[in-house]
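J.: Read in the working numbering, the sequence shown has 132 at position 131, and its numbers run on one by one without any break.
Okay, handing you the structure first.
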Amino acid sequence: MNLVPINRDISQLGMPEPDSKTLHEELDAAEVLLYRVPEGKILVTIWNGVAHEVIYQTPKQLPWSRWLRNRELFRFYGNGLKWKEDWPIEFGFSKQRTDGKLRVLYSRLQDFMTFRTMLFNQTLADAKDADNDA
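As structure tokens, this is what we get:
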């Protein structure tokens with residue numbers, strides 16, 4: 002599986018040219034790069050020249066293969082740290098790395114995983130609040 006580093010400059014990602022680029026639907030200052038991989042798609046959000054969000058749309062059919070993929074992703078993004086569930090969501094779970102720098106959202110229904118920096122997470126929340134106030 003292609004693993005994409007997070008919180009790194011775009012030049013350090015080691016990724017090929019994306020299959021497409023679009024503006025982030027919630028933050029115009031961010032760009033989403035789409036990569037087609039054998040397992041599905043990987044979307045990488047670049048904001049201020051840095052990868053702040055990686056979405057793995059790589060669904061697996063068998064529970065065992067899901068477990069193996071999830072374990073690989075949690076180890077890669079965990080950087081030797083643990084994850085704790087931080088708030089319940091109906092469609093899956095949300096966990097935060099114990100150093101408070103990364104969050105993961107998992108959709109059981111679609112079998113997608115989103116890894117996001119807490120800085121970007123807060124920026125998205127602030128943008129939503131600003132839209133609601135307008």
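The beta-carbon is built from N, C-alpha and C at its ideal position, and this holds for glycine as well.
Taking its Cβ as the centre, do 16 or more other Cβ atoms sit within 10 Å of residue 131, making it buried, or is it exposed?
T.: With fewer than 16 other Cβ atoms within 10 Å, it is exposed.
J.: Based on the DSSP secondary-structure assignment, which residues constitute the bridge partners of residue 31?
T.: 48.
J.: Is DSSP giving residue 11 helix, strand or coil here?
T.: Note: residue 11 maps to helix in three-state DSSP.
J.: So residue 115 and residue 56 are supposed to be a Cβ contact under 8 Å. How far apart are they, rounded?
T.: Indeed they touch by this definition, with Cβ atoms about 5 Å apart.
J.: Could you tell me the boundaries of the beta strand (DSSP E) in which residue 87 lies?
T.: It spans 84 to 90 - the beta strand (DSSP E) in which residue 87 sits, taken as one unbroken run.
J.: So, using beta-carbon positions, are residue 19 and residue 13 closer together than 8 Å?
T.: No; because the gap between Cβ atoms is not below 8 Å, this pair is not in contact.
J.: Buried or exposed, going by whether 16 or more other CB atoms sit within 10 Å of the CB of residue 54?
T.: The residue in question, residue 54, is buried, as its Cβ has 16 or more Cβ neighbours within 10 Å.
J.: Within 8 Å, do at least three Cβ pairs link the region 55 to 73 to the region 81 to 88?
T.: As far as the Cβ criterion goes, the region 81 to 88 does not touch the region 55 to 73, which means the pair count is below three.
J.: Measure the beta-carbon distance from residue 121 to residue 109 and round it to whole angstroms, keeping in mind my assumption that it falls under 8 Å.
T.: About 23 Å; that fails the 8 Å criterion.
J.: Between the C-alpha atoms of residue 41 and residue 94, what's the straight-line distance to the nearest angstrom?
T.: Answer to the nearest angstrom: the Cα atoms are 21 Å apart.
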